Amino acid sequence: MKTLADLEKVEALFRPFDLKSLHLRNRIVMAPMTRAFSPQGVPTDDVTAYYRRRAEGEVGLILSEGTVIDRPASSNEPNIPHFYGDQALAGWKKVIDSVHQAGGAMAPQLWHMGVMQPSQSGWLPSQPFEGPSGYVMPGQTGGVAMTDTDIADTIAAFAKAAADAKRLGFDSLEIHGAHGYLVDQFFWEGLNTRTDAFGGKTLAERSRFGVEVVKAMRAAVGDDFAIILRLSQWKQQDFTVQLAKTPQELEAWLNPLADAGVDIFHCSQRRFWEAEFEGSDLNFAGWAKKVSGKATITVGSIGLNSDFMGAFQGQSSQASSIDELLRRMDRGDFDLVAIGRSLLSDPAWVKKVREGRLEELSGFNNQSLATLV
Ligand SMILES: Cc1cc2nc3c(=O)[nH]c(=O)nc-3n(C[C@H](O)[C@H](O)[C@H](O)COP(=O)(O)O)c2cc1C
0 MKTLADLEKV
10 EALFRPFDLK
20 SLHLRNRIVM
30 APMTRAFSPQ
40 GVPTDDVTAY
50 YRRRAEGEVG
60 LILSEGTVID
70 RPASSNEPNI
80 PHFYGDQALA
90 GWKKVIDSVH
100 QAGGAMAPQL
110 WHMGVMQPSQ
120 SGWLPSQPFE
130 GPSGYVMPGQ
140 TGGVAMTDTD
150 IADTIAAFAK
160 AAADAKRLGF
170 DSLEIHGAHG
180 YLVDQFFWEG
190 LNTRTDAFGG
200 KTLAERSRFG
210 VEVVKAMRAA
220 VGDDFAIILR
230 LSQWKQQDFT
240 VQLAKTPQEL
250 EAWLNPLADA
260 GVDIFHCSQR
270 RFWEAEFEGS
280 DLNFAGWAKK
290 VSGKATITVG
300 SIGLNSDFMG
310 AFQGQSSQAS
320 SIDELLRRMD
330 RGDFDLVAIG
340 RSLLSDPAWV
350 KKVREGRLEE
360 LSGFNNQSLA
370 TLV
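Set out below in structure tokens:
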């Protein structure tokens, strides 16, 4: 039997959230997680059922796994879903209709990987990987530097995907601008050594590509459709990178993106409790909200005792307390809270939290990566 105190404790997570096209029943977001269960890029009925289970489990906003835009080398793996082409879009239509029927809300995470290592399967796209300067790591070439035409076509492909997200009935969209993929490769001086208008010494200058992508998407979806941008200071190529070293640099990075049309910044950390800058315990999402005035999403090891990179080395993770999250939520640091691995393993995670059944949360079991639980 749950006491009133048990239920009141989690109440902050269960307030509705409304912003433009987004009308959410609670503050919990399913983090985008690549699953690669979509043969030739087409989401199957199993993928539909996987997302529907999260809507039935009361997730407020489901972010899809990264789904790639229409560029010849936007992906390094054939079973990652496309967000272009009649068949793939028909698959996504089934997903969003099913999620809505189950009372959920959803946004696709629109993705271009940029210059990447080939996937473990050894599969390669028909064209070389493309990025700001052709680097896969600082100083190490792994693809080609994008021409002006490549850049214009890529921006147009992002805008087309945005228009399709709205047309299919999604509630919002997320741009993957984090973790060292294409948009982030432009932000990062280690991979962007261009000397034209898409490069530059400052982070604000290197944000031009991201700004143009957001502007084109905003023009494609109109004013009332919520646009989320996912950002990270860290890169999968180098966890120690910190793009913005001060609150002032963060402001100079985020405000042009907000002016271009971002409604919500999704601030990816590996451990949400880590302070972003010295002198304050505010995390990345806390600072992003403070300097931009925009809504933010926090993420990273919420309710788990180890961070997600271990998942790729076969590690599971135990459930841990969410008290620190609730403290920050009550303080108003951020608006929404994204949960990754716990929701990958347990579609009922949100429902259990709402009902105060915190002792039933079982963490992340690595076995659940092998199937769509
Ligand atoms: C299997 C797996 C796949 C992921 N794929 C993506 C992705 O496609 N896009 C993305 O932005 N982040 C991706 N991530 C990162 C998650 O969105 C999230 O930020 C991370 O898992 C931290 O949240 P957690 O600690 O609650 O798991 C992935 C994480 C995992 C475990």
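Its first residue numbered 0, the sequence shown is counted upward by one per residue in numbering that gives the first Met the number 0.
Note that beta-carbon positions come from the ideal geometry of N, C-alpha and C, so glycine has one too.
Predicted model, so just to flag it, every value in this text is computed and none were measured.
Which same chain residues end up closer than 7 Å to residue i when comparing Cβ atoms and leaving out the 5 residues on each side of it in sequence?
i, result
"L190", "G130, P131, S132, Y134, P137 and Q184"
"G209", "G176, V182, F185, F186 and L256"
"L202", "F186, L242, A243, E248, A251 and W252"
"N254", "S291"
"T295", "I263, F264, C266, A284, A287, K288, F333 and D334"
"A196", "R207"
"T245", "F276"
"S120", "E76"
Near residue i, what residues of its chain come up, given a Cβ to Cβ distance below 6 Å and the 5 sequence neighbours on each side ignored?
i, result
"M145", "E129"
"A390", "Within the shown structure, residues of the chain are numbered from 0 to 372, placing residue 390 beyond reach of any answer."
"W348", "S341 and L342"
"I459", "The displayed coordinates of the chain run from 0 to 372. Any statement about residue 459 would go beyond what the structure contains."
I'd like the span of the alpha helix (DSSP H) that includes residue i, first residue to last.
i, result
"E188", "Note, E188: premise wrong, no alpha helix (DSSP H); not H, not E."
"M328", "D322 to R330"
"I95", "D85 to Q100"
"A4", "L3 to K8"
For the beta strand (DSSP E) containing residue i, list its first residue and its last residue.
i, result
"V352", "Not the beta strand (DSSP E): V352 falls in the alpha helix (DSSP H), residues W348 to R353."
"D17", "F16 to L18"
"L62", "L60 to V67"
"A337", "L335 to I338"
"L109", "M105 to W110"
Return the residue from the list the options that minimises the CA-CA distance to residue i.
i, options, result
"E359", "S367, G102, P346 and Q366", "P346"
"L172", "W233, A106, L202 and G179", "A106"
"G103", "L109, L88 and G59", "G59"
"G56", "G84, H99, M32 and V41", "H99"
"G84", "P124, V41 and Q108", "V41"
"A337", "F271, L18, D163 and Q232", "F271"
"G142", "A310, M112 and K234", "M112"
"R53", "L324, S344, L3 and N365", "S344"
"G302", "S320, E204 and A310", "S320"
"S118", "G313, Q108, L88 and S73", "S73"
"G179", "A218, D258, L230 and Q108", "L230"
"L88", "G331, T43 and I226", "T43"
"F82", "A30, I174, Y49 and L357", "I174"
Suppose the cutoff is 8 Å on Cβ atoms and the five residues either side in sequence are ignored; what does the same chain contact list for residue i look like?
i, result
"V46", "R34, F36, S37, P80, G90, V94 and L371"
"R269", "W233, F238, G299, S300, D306, F307 and M308"
"R166", "none"
>> Please give the ranges of any beta strand (DSSP E) in the region 196-259, keeping only runs that are unbroken, at least 3 residues long and fully inside the region.
In response: 225-234
> Per the contact definition of three or more C-beta pairs closer than 8 Å, is the region 12-26 in contact with the region 347-356?
Replying inline: yes
> Does the region 64-82 come within contact of the region 15-27, defined as at least 3 CB pairs closer than 8 Å?
Replying inline: no
> Hey, is the region 270-288 in contact with the region 70-84, meaning 3+ C-beta pairs nearer than 8 Å?
Replying inline: no
> Quick check: the region 151-162 against the region 84-103, are there 3 or more CB pairs under 8 Å?
Replying inline: no
>> Extract the residue ranges of the beta strand (DSSP E) inside the region 10-56, only unbroken runs of 3 or more that lie entirely within it.
In response: 16-18, 21-23 and 27-29
>> List, from N- to C-terminal side, the alpha helix (DSSP H) runs of 4 residues or more that fit wholly inside the region 128-186.
In response: 147-167 and 181-186
> Which whole runs of the beta strand (DSSP E) in the region 254-313 are 3 residues long or more, in chain order?
Replying inline: 263-267 and 294-298
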